[in-house]
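Undergrad: Going by full-length UniProt numbering, 62 is the number at position 62 of the sequence shown; the sequence numbering is gapless. This structure is in structure tokens; I'll ask about it shortly.
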Amino acid sequence: MAASKESRVLIRAVIQELRRSLPQKPVRNSLAAQFLLSEARKHQTTEKRLCRAHQELQAKMDTYRTYLASSRKGKELHLQYHARGERSVEESARLVGLGLPKPYDKSPEH
1 MAASKESRVL IRAVIQELRR SLPQKPVRNS LAAQFLLSEA RKHQTTEKRL
51 CRAHQELQAK MDTYRTYLAS SRKGKELHLQ YHARGERSVE ESARLVGLGL
101 PKPYDKSPEH
């Protein structure tokens, strides 16, 4: 039996996140992809018989997709904010969208 459309969409989304998290390696050879596809195949026959198994597969795939996306975004944030070492006060202010006030100049402008 073929997987339902919702299951196929979720499986594709998980595979897409795997590609993003492992850009150097072919996804087809990764253990994670093999595990996910075996899980999907395992639920394929029970998908039409038992609604619970179908919902379980969708919940698992959605959980995997969310975990992979969150991990990838966490790495990106870590690289963006922690990879540079010490920052100056001005650079830190710019990083959070603020600007420092200009220093006061006592010289008369007249």
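Just so you know, even glycine gets a beta-carbon here, dropped at the ideal spot from N, CA and C.
Our contact map puts residue 36 next to residue 14 with C-beta atoms below 8 Å; I'd like the distance itself, whole angstroms only.
TA: Right, the Cβ-Cβ distance comes to about 6 Å (below 8 Å), so this counts as a contact.
Undergrad: State the Cα-Cα distance for the pair residue 111 and residue 80, rounded to the nearest angstrom.
TA: Examination of residue 111 is not possible in this model, given that the chain is present from 1 through 110 alone.
Undergrad: Which complete beta strand (DSSP E) runs does the segment 6 to 35 hold, if anything under 3 residues is left out?
TA: For the segment 6 to 35, not a single whole beta strand (DSSP E) run of length 3 or above is found.
Undergrad: If residue 68 and residue 18 are in contact, beta carbons under 8 Å, what's the gap, nearest whole angstrom?
TA: Yes, they are in contact, since the Cβ atoms of residue 68 and residue 18 sit about 6 Å apart, within 8 Å.
Undergrad: Less than 6 Å between C-beta atoms, sequence neighbours within five positions excluded: which residues of the same chain meet that for residue 33?
TA: For residue 33, where only same-chain residues beyond five positions count, the Cβ hits under 6 Å are 18, 27.
Undergrad: Rounded to a whole number of angstroms, what is the C-alpha to C-alpha distance between residue 59 and residue 85?
TA: So the alpha carbons of these two residues sit roughly 40 Å apart.
Undergrad: Label residue 43 either buried or exposed according to how many other C-beta atoms from any shown protein chain fall within 10 Å of its C-beta, with 16 as the threshold for buried.
TA: With 16 or more other Cβ atoms within 10 Å, it is buried.
Undergrad: Cα separation between residue 100 and residue 90?
TA: Each residue's Cα considered, the two are about 7 Å apart.
Undergrad: Would residue 71 and residue 21 be called neighbours here (beta carbons separated by less than 8 Å)?
TA: Result yes, Cβ atoms of residue 71 and residue 21 sit closer than 8 Å.
Undergrad: State buried or exposed for residue 1, treating a residue as buried only when at least 16 other CB atoms are found within 10 Å of its CB.
TA: Because the pLDDT of residue 1 is 41, which lies under 50, any placement of that residue in the model is unreliable, and the number read from its coordinates should be weighed accordingly. Burial call: exposed.
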